[in-house]
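Heads up: the sequence shown at position 191 corresponds to 190 in numbering that gives the first Met the number 0, and the numbers run straight through without jumps.
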Amino acid sequence: MGITADRVPSRYYAVIGEILRAHTPDYERLLANANINVQALEDPEGTLTITELEALIDVASRITGRNDLGYELGRQVRLNSHGPLGYALLSSRNVDQILRLAVRFYHLIVPIFTMRYERRGKYAEIAFTPSAVMHNRTLQFFLEALAMSFHVQAQMLLGTDNEGYDIYLSMEAPPHAHRYHGNAPARFHFGGSRVPGVTVRISTDMLDKPLPMADERVVRQAEAQCEVLSRRSPRRGEWGEFVTMMVRESENLQLTLEDVARSLNITSRTISRYLSREGLSFRDVSQRVRFERACELLEAGELTVSQIAFRLGFTDIANFSRGFRRYKGISPTGYAESHRSQRSH
C-alpha cells in the first residue's frame with residue numbers, strides 16, 4: 000500500500016477557508032503567502048497537497064485563534080459530501096453495507112487515514128488510523144473531524160432515538176471538550192488509546208436496520224465510478240518518518256510493530272521490509288524517539304526519572320535506565336544533573 004497520498008479532496012476543507020474569510024479581508028493574500036492554491040480550495044472537484052492542507056490549518060488556527068476547527072469541519076460533513084461514493088452510501092440497504100463500502104473506498108475520502116471495520120458478536124468496532132506523516136496539530140484536527148463527522152452522519156442514518164455508541168479519540172481532551180457533551184446519544188472519550196486515531200464501538204443491531212432509500216442499482220453504478228477513481232495509485236512515502244510519528248504520538252505506551260501493522264491492515268513483516276530499505280528497524284526508530292523525548296523531559300527538569308519512564312510507556316525503571324545509558328552513554332540521573340549544572344553557570 001502507499002503510505003502517503005499526493006493530494007486530498009479540497010471539498011471537505013473549503014469550510015475552513017470560509018471560516019478564515021469571515022475573520023479577515025486579507026483572506027486571499029494570507030493563503031497566497033502560505034502557498035495555498037485558493038482556486039483549488041474553492042473548487043468542489045479540486046485537490047490540495049498535504050503541505051497546502053497543513054498550511055491552511057496553521058493559518059486558519061493562527062488568524063482565528065480557534066482550536067476547534069476539526070470539530071467544526073466534522074459537523075459540516077454529510078453523506079452526499081463524498082462525490083460518487085456518497086450516492087452509493089445513500090442508496091445502501093443498511094449501515095453495515097455503508098461501512099463496508101466506506102472501508103473499500105476510504106482512500107477517496109481521506110487518503111491519509113485508513114478505515115477498519117470489524118464485527119465482534121453484539122458489537123462492531125470501526126477504527127480510523129493515520130497512514131501518512133503529519134504534524135501534531137494536523138493529526139488532532141483530523142481526529143476531531145473524523146469523530147464528529149462519524150457522529151453527524153450516523154445520526155442522519157439512525158435518527159436520535161437509539162442506544163448511542165462510544166467514540167474514542169487518542170488525543171487528550173481539548174479546551175473545547177464541553178462541546179462534545181451536547182452530542183447525545185454519542186459518548187466521546189479522550190486519551191488512553193494504544194494507537195493514534197479514532198475508534199468507534201457500536202451495537203451491530205443498529206447497523207443491520209434497513210434503510211429507506213436502498214437501491215442496489217444505484218450502489219452498483221456508483222461503485223463502478225469509484226473503481227475508476229481508485230486506479231490513481233498513491234505515491235509511497237517515507238516509512239521511517241511515519242513510524243516516528245506513530246511512536247511519538249503514543250508517548251505513554253510501548254507501541255509495538257504489530258500495533259502499527261494492525262492499524263494499517265498489513266503485516267508487520269511488510270513494514271519491517273519497507274523500513275529495512277531505508278536502513279532502519281522498528282526497534283531503532285522506537286528507541287530513538289523515546290530516548291530523544293526522555294532527553295527533552297530530563298532537560299526540562301520538571302519530572303523525576305521514574306515519572307519520565309512511566310510517561311514514555313516503561314513499566315520497569317531499571318529497563319528505562321539501561322536503555323537510556325545504551326543510547327546516550329550516561330544514566331538518566333547523570334544526564335539531568337549535567338544539564339542542571341549547565342543552567343546554574
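Heads up, the beta-carbon is just placed ideally off N, CA and C, and yes, glycines get one too.
Would Tyr-167 and Phe-149 qualify as a contact pair, given that the criterion is a beta-carbon distance under 9 angstroms?
No, Cβ-Cβ distance for Tyr-167 and Phe-149 is not below 9 angstroms.
Which class does His-150 belong to by DSSP, given the choice of helix, strand or coil?
Residue state, collapsed to three classes: helix.
First through last residue of the alpha helix (DSSP H) which encompasses Glu-240:
Segment 238–247, the alpha helix (DSSP H) holding Glu-240.
Are the CB atoms of Ile-15 and Ile-111 nearer to each other than 9 angstroms?
No.
For Glu-162, which of helix, strand or coil comes out of DSSP?
Note: Glu-162 maps to coil in three-state DSSP.
Could you check if Leu-228 is buried or exposed, using at least 16 other CB atoms within 10 Å of its CB as the buried criterion?
A residue is called buried once 16 or more other Cβ atoms fall within 10 Å of its Cβ, and Leu-228, having fewer, is exposed.
Starting from the Cα of Gly-163, find the closest Cα among Pro-195, Asp-204 and Val-197 and give me that residue.
Considering only alpha carbons, the answer is Asp-204.
The beta strand (DSSP E) with Ala-123 in it runs from where to where?
Taken as a continuous stretch (DSSP letters only), the beta strand (DSSP E) holding Ala-123 covers 122–129.
Taking all protein chains shown into account, decide if Arg-216 is buried (16 or more other Cβ within 10 angstroms of its Cβ) or exposed.
A residue is called buried when at least 16 other Cβ atoms come within 10 angstroms of its Cβ; Arg-216 does not meet this threshold and is exposed.
Buried or exposed (CB count within 10 angstroms, at least 16 for buried), Pro-129
So Pro-129 counts as buried.
Quick check: what's the CA-CA separation for Arg-186 versus Glu-17?
Here the alpha carbons of Glu-17 and Arg-186 stand approximately 29 angstroms from one another.
Distance between Thr-314 and Gly-82 (C-alpha atoms, nearest Å):
Answer to the nearest angstrom: the Cα atoms are 47 angstroms apart.
Take Leu-55 as the anchor and find which of Arg-74, Pro-43, Tyr-26 and Gly-73 has the nearest alpha-carbon.
Looking at Arg-74, Pro-43, Tyr-26 and Gly-73, the one whose alpha-carbon comes closest to that of Leu-55 is Tyr-26.
Use the C-beta contact count for Ile-307: other C-beta atoms within 10 angstroms, 16 or more gives buried, fewer gives exposed.
That one is buried.
Just to confirm, does Ser-275 get its C-beta within under 8 angstroms of one of the non-hydrogen atoms of the ligand NAP?
The ligand NAP is absent from the structure shown, which contains no ligand whatsoever.
Any contact between the stretch 29–45 and the stretch 55–68? By contact I mean 3 or more CB pairs, one from each, below 8 angstroms.
At 8 angstroms Cβ cutoff, the stretches touch.
Nearest to Pro-174 (by Cα), restricted to the options Glu-237, Leu-100 and Asn-66:
Comparing Cα-Cα distances from Pro-174 to each of Glu-237, Leu-100 and Asn-66, the minimum goes to Asn-66.
Taking the continuous beta strand (DSSP E) assigned at Thr-14, which residues delimit it?
The amino acid at residue 14 is misidentified as Thr; the sequence shows Val. Counting along the chain, Val-14 falls outside any beta strand (DSSP E), though it belongs to the alpha helix (DSSP H) covering 13–22.
Using beta-carbon positions only, say whether Gly-345 and Leu-145 come within less than 9 angstroms of one another.
There is no way to answer for residue 345, as the model of the chain reaches only from 0 to 344.
Assigned secondary structure, Ala-183 (DSSP; H/G/I helix, E/B strand, else coil)
Three-state result, Ala-183: coil.
Excluding the 5 residues preceding and the 5 following Arg-92 in the sequence, name in chain order all residues of the same chain whose CB lies nearer than 7 angstroms to its CB.
Within the same chain, and ignoring the five residues on either side of Arg-92 in sequence, the residues whose Cβ sits closer than 7 angstroms to its Cβ are Pro-209, Leu-210 and Ala-213.
So the candidates are Leu-297, Ser-275, Glu-226 and Pro-195; which of them puts its Cα closest to the Cα of Glu-248?
Of the residues Leu-297, Ser-275, Glu-226 and Pro-195, the one whose Cα lies closest to the Cα of Glu-248 is Pro-195.
contact_flag[the stretch 288–302, the stretch 267–276] where n(CB pairs < 8 angstroms) is 3 or more
Touching, no.
If we ignore side chains and look at the alpha-carbon of each, how far apart do Val-242 and Phe-281 end up?
Across the structure, Val-242 and Phe-281 are spaced so that their CA atoms are roughly 8 angstroms apart.
Helix, strand or coil: how does DSSP classify Glu-250 here?
Glu-250: coil per DSSP, three-state reduction.
Exposed or buried, what is Arg-289 when buried is set at 16 or more other beta-carbons lying within 10 Å of its beta-carbon?
By the 10 Å Cβ count, Arg-289 comes out buried.
Checking 9 angstroms against the spacing of the C-beta atoms, do Pro-8 and Ile-108 come in under that value?
A contact, by the Cβ cut-off of 9 angstroms.
From the DSSP output, in three-state form, read off Ser-412 for me.
Here the chain comprises residues numbered 0 to 344, so residue 412 is not present and cannot be evaluated.
Residues near Gln-341 in its chain [Cβ-Cβ closer than 8 angstroms; skip 5 each side]:
Hits under 8 angstroms: none found.
I believe Glu-51 touches Asn-34 by the beta-carbon criterion, under 8 angstroms. Please report the beta-carbon distance rounded to the nearest angstrom.
Indeed, because the Cβ distance is near 7 angstroms, the residues count as touching under 8 angstroms.
What is the C-beta distance between Ser-305 and Ile-316, in whole angstroms, given that I count them as a contact (C-beta under 8 angstroms)?
Going by Cβ atoms, the distance from Ser-305 to Ile-316 rounds to 5 angstroms, so yes, they are a contact pair.
Rounding to the nearest angstrom, what Cα-Cα distance links Gly-120 and Asp-207 in this structure?
Each residue's alpha carbon lies about 13 angstroms from the other.
Alpha-carbon to alpha-carbon, Gln-154 and Ala-183:
If I take the Cα positions, the gap works out to 10 angstroms.
From which residue to which residue does the alpha helix (DSSP H) around Pro-83 run?
Here the alpha helix (DSSP H) through Pro-83 covers 83–89.
Helix, strand or coil at Val-109 [DSSP, three-state]:
Of the three classes helix, strand and coil, the one that applies to Val-109 here is coil, per DSSP.
Nearest to Ala-87 by CA position, among Cys-225, Arg-115, Thr-255 and Gly-158, is which residue?
Put simply, of Cys-225, Arg-115, Thr-255 and Gly-158 the residue whose alpha carbon is nearest the alpha carbon of Ala-87 is Cys-225.
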